[in-house]
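J.:
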Amino acid sequence: VASQNRLESFFGAA
Amino acid sequence: MFEARILQGSILKKVLESIKDLVTDANFECTANGFALQAMDSSHVSLVALMLRSTGFDHYRCDRDVTMGMNLLNMSKMLKCADNDDTITMKADDAGDVVTFMFENPKADKISDFQMKLMDIDTEHLGIPDTEYEATVKMSSNEFQRICRDLSSIGDTVTIAVTKDSVKFTTSGDIGEANITCRRTSDGDMKEEKVKTEEDGEKVHNTKSSEGQNVDIDLQEPVTLTFALRYLNSFCKATSLCENVRLQLSKELPVVVQYLIEDMGYVRFYLAPKIEE
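Protein sequence lines correspond, in order, to chains G and E. Counted from 1, the first sequence has number 187 at position 14 by our numbering; the numbering is strictly sequential. Counted from 1, the second sequence has number 1248 at position 169 by our numbering; the numbering is strictly sequential.
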């Protein structure tokens, strides 16, 4: 099963 | 006061068409540097970053930073009323709640203005670090669009594998599987082929490789990542903005799909990879 993380888990808040 | 005039209005029209289905509402940031936007789709797995530099506009004035919240579908409806060869001017007061789009035809004998209500949008702004990517692929944007479209008729996801000599796109679905490999065509290879074909007396045939895939690969490390085709197909709506697309990939990082906008800036799309559990 492949999951797709939200972008927030890669990039922090500016 | 914010005022920006773009001679080639079709650029703005194309930009909107490329992002309006991905993002519903977005804040445009108008600064002395230019007209920019960063917005995520509703599921927060993809992001669009647009930059139109002030120097690329025919006229640009921004006395104070202004944030303009717009519904992109409504903005696109308004811009569709401009002809492709119209000049488009955007105007807004510092404290106003409307933006004005003014369209002028090349003969300057038809001038239209459309006012659109601005909206307050509460958005998260992500800090995207300047990363050295393990693999950078530059290829024909038409070819990339074709590959994404073709593969999405077979499967829902695409696995992109970049090695120093090629980029391979793989998908599978209920009916079977598909692999498309594009081999790297370095400048050196193309020149060599040109010389050879000229000697052979063949005409134009050499352009098969230089105008075909035209794949350029810059690789630090081979990378293989899987992405949802639905989003990539949506990014491909920007194809008409640029002849080439640049893909940047690193292990377990979102892919960056960039279309340069001539003399003005870029539209970049980010998409989170599918990760096996």
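The beta carbon of each residue, even a glycine, is placed where N, CA and C say it ideally should be. This one's a predicted model, so the numbers in the text were calculated from it and none came from an experiment.
1. How about Asn1293 of chain E and Glu1222 of chain E: are their beta carbons less than 9 Å apart?
2. How about Thr1250 of chain E and Thr1242 of chain E: are their beta carbons less than 9 Å apart?
3. For Asp1295 of chain E, collect the residues of the same chain with a Cβ closer than 6 Å to its Cβ; drop the 5 residues on either side in sequence, then sort them by chain order.
4. Going straight from the alpha carbon of Thr1342 of chain E to that of Asp1165 of chain E, what length do you get?
5. In the DSSP assignment, what residue or residues form a beta bridge with Tyr1212 of chain E?
6. Taking Tyr1349 of chain E as the query, report the chain G residues whose CB atoms sit under 7 Å from its CB, ordered along the chain.
7. Quick check: is the beta carbon of Leu1091 of chain E nearer than 9 Å to any beta carbon in chain G?
8. Which whole-angstrom value describes the C-beta separation of Val1346 of chain E and Leu1129 of chain E, a residue pair presumed to lie in contact below a C-beta threshold of 8 Å?
9. Using Cβ-Cβ distances below 8 Å, what residues of the stretch 1201-1215 of chain E are close to chain G?
10. Using a cut-off of 8 Å between C-beta atoms, extract the partners of Met1119 of chain E located in chain A.
11. Below 7 Å CB to CB, which residues in the same chain sit around Gly1148 of chain E once its five sequence neighbours on both sides are set aside?
12. Determine the DSSP secondary structure at Val1246 of chain E, reduced to helix, strand or coil.
13. Along the chain, where does the alpha helix (DSSP H) containing Lys1186 of chain E start, and where does it finish?
14. Which same chain residues, not among the five before or five after Ser1155 of chain E, have their C-beta less than 7 Å away from its C-beta?
15. Within a Cβ cutoff of 6 Å, which residues of the same chain sit near Glu1023 of chain E, ignoring the five residues on either side of it in sequence?
T.: Answer, in terms of the structure:
1. Result yes, Cβ atoms of Asn1293 of chain E and Glu1222 of chain E sit closer than 9 Å.
2. no
3. Here the set comprises Lys1217.
4. Checking the displayed sequence, the identity of residue 1342 of chain E turns out to be Asp instead of Thr. Rounded to whole angstroms, Asp1342 of chain E to Asp1165 of chain E spans 18 Å at the Cα level.
5. Bridge partners of Tyr1212 of chain E: none, in fact.
6. Leu180
7. no
8. 5 Å
9. Glu1203, His1204, Leu1205, Gly1206, Ile1207, Pro1208
10. Looking at the structure shown, chain A is missing, and the protein chains on hand are G and E.
11. Asp1104, Asn1106, Leu1197, Met1198, Asp1199, Ile1200
12. Val1246 of chain E falls in the strand class under three-state DSSP.
13. Lys1186 of chain E -> no alpha helix (DSSP H), and no H or E assigned at all.
14. Leu1095, Glu1096, Lys1099
15. Outside the modelled stretch of chain E, which goes from 1080 to 1356, sits residue 1023 of chain E, for which no answer is possible.
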